[in-house]
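Structure, as structure tokens:
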Amino acid sequence: MSMADKVGPFQPTNDFWNALGWQPLPEQLEQFKLLQALLEDWNKHVNLTRLVSGHDFWVNQIFDSLWPLQRLLNQPQTLKCIDVGTGGGFPGLAVAIALPNISMTLVDSIGRKTKAVTSIVKDLGISHRVSLRTERIEKTGQNHNYRSRFDLAMARAVAITPTVAEYLLPLLSRSGEALLYRGQCSDVDTHELNLALQLLGGRIRRLDHCKLLGNRGVRHAITIEQCIPCPDIYPRLTGLPTKEPLGSVNDRSEV
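Per our numbering, the very first residue in the sequence shown carries number 773; after that it's consecutive.
Here it is in structure tokens:
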């Protein structure tokens, strides 16, 4: 019995994939199953994610990672992507499996997680196009090898929207987009994000929402485009984007 055969009883049906508007190739489905098995195995040693079994994995990890990218799923492109604060590998690993033409950089500051995910990437057979960085994103964003290099920068469950925007926008190429995965997204969230984007040189291109299968709540996705090059001062020094987020009351006088 292979590792991929040891996963839980739930398996995605055609209805699952129809709700996503995309059907994986057989080899992609096997990679998703193997990813689940590898996560379950690694979770015995490292706390990567609690969402590894049944619906938790397929709905809250795979479906939630992919639903904002339906257009790319059905019109594959060659893209350079980065997942900031990847943790146990999401959304980056799910996106990398679903979009075999992309390259993906996964960034996280916790070494034990990046070590585990590096091993998972190797076992999935995608290490030729998926790389890991163990680093604070503030440093990555000021590194000339990564700044202004990516077509798509994404982050899920990392921080409030102005902070995530400050992490992602410096990474974008001139025509690139940032994708912010959110649970709730209030008017206050978008207002403060818009204030931050005036400083970062971007604007909201699209705000989408989706009701997850199995009554697992509503998810939002904010797509941001770069209008002008992000000023060199962003991202600020390590910790500042979290401690003093752009778009906060203290920053509004600057906008």
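For every residue, glycine included, the Cβ atom is placed at its ideal position computed from N, Cα and C.
Output the boundary residues of the alpha helix (DSSP H) element that contains residue i.
i: V990; result: First-last for V990: V990 to Q998, but that is the beta strand (DSSP E), not the alpha helix (DSSP H).
i: G826; result: G826 to F829
i: E910; result: I909 to G913
i: A931; result: Run containing A931: none; DSSP gives neither H nor E here.
i: Q842; result: Q842 to N846
Identify, in the order they occur along the chain, each residue of the same chain with its Cβ nearer than 6 Å to the Cβ of residue i, setting aside the five sequence neighbours on each side.
i: C1002; result: L941, P942, L972 and G973
i: G883; result: T906
i: G1011; result: none
i: E964; result: P934 and G1019
i: R901; result: S875
i: P784; result: W830
Quick check on this structure: which residue in the options has the alpha carbon closest to the alpha carbon of residue i?
i: Q847; options: D828, L811 and W794; result: W794
i: F835; options: G860, E910 and W789; result: W789
i: G860; options: D895, R843, V879 and P934; result: V879
i: L979; options: K852, R991, N987 and A968; result: R991
i: L944; options: L797, N917 and D961; result: N917
i: M757; options: S903, S881, Y953 and L807; result: There is no way to answer for residue 757, as the model of the chain reaches only from 773 to 1027.
i: Q998; options: A929, C853, P796 and S920; result: S920
i: F804; options: D895, R901, K1015 and L904; result: D895
i: K983; options: N815, V930 and A791; result: A791
i: D787; options: L845, T821 and L985; result: L985
i: Q808; options: V893, L845 and P1013; result: V893
i: G948; options: G897, N815 and K852; result: K852
i: D923; options: E1016, I854 and K1015; result: I854
i: S881; options: I898, N815, T858 and L806; result: T858
i: L811; options: N915, R946 and K885; result: K885
i: T912; options: G897, T877, R946 and I898; result: T877
i: E802; options: E1016, G897, N819 and V856; result: G897
i: E910; options: S903, T785, V856 and I976; result: V856
From what residue to what residue does the beta strand (DSSP E) around residue i run?
i: A925; result: F922 to R928
i: L811; result: Looking at the DSSP string, L811 is not in any beta strand (DSSP E); the run it does join, the alpha helix (DSSP H), is P798 to W814.
i: E949; result: L944 to R954
i: L904; result: V902 to T906
i: I976; result: G974 to K983
Looking only at its chain, what residues have a beta carbon closer than 8 Å to the beta carbon of residue i, apart from the 5 residues adjacent to it on each side?
i: Q800; result: I869, A870 and P872
i: H981; result: C957, V990, R991, H992 and A993
i: A937; result: A950, L952, L965, A968, L969, L972, G974, I996 and L1018
i: G838; result: In the sequence as displayed, the identity of residue 838 is Leu instead of Gly. Closer than 8 Å at the Cβ level, and outside the excluded window around L838, lie L792, W794, L845, P863, A866, V867 and A870.
i: R908; result: S881 and T1010
I'd like the list of long-range same chain contacts for residue i, defined as Cβ closer than 7 Å, with 5 residues on each side in sequence excluded.
i: D961; result: T933
i: L823; result: F829, N832 and Q833
i: M773; result: The pLDDT assigned to M773 is 49, lower than 50, so where the model puts this residue is not dependable, and the model offers no usable value.
i: R928; result: F862, P863 and Y953
i: A931; result: T1014
i: L841; result: V867
i: V818; result: R884, K885 and A888
Uninterrupted beta strand (DSSP E) stretches inside the region 854-900 (no shorter than 3 residues)
875-880
Indicate whether the contact test is met: 3 or more Cβ pairs, each with one atom in the region 848-866 and one in the region 888-903, closer than 8 Å.
The region 848-866 makes contact with the region 888-903, as at least three CB pairs between them are under 8 Å.
Three or more beta-carbon pairs under 8 Å between the region 1005-1023 and the region 950-958, yes or no?
No, they do not touch.
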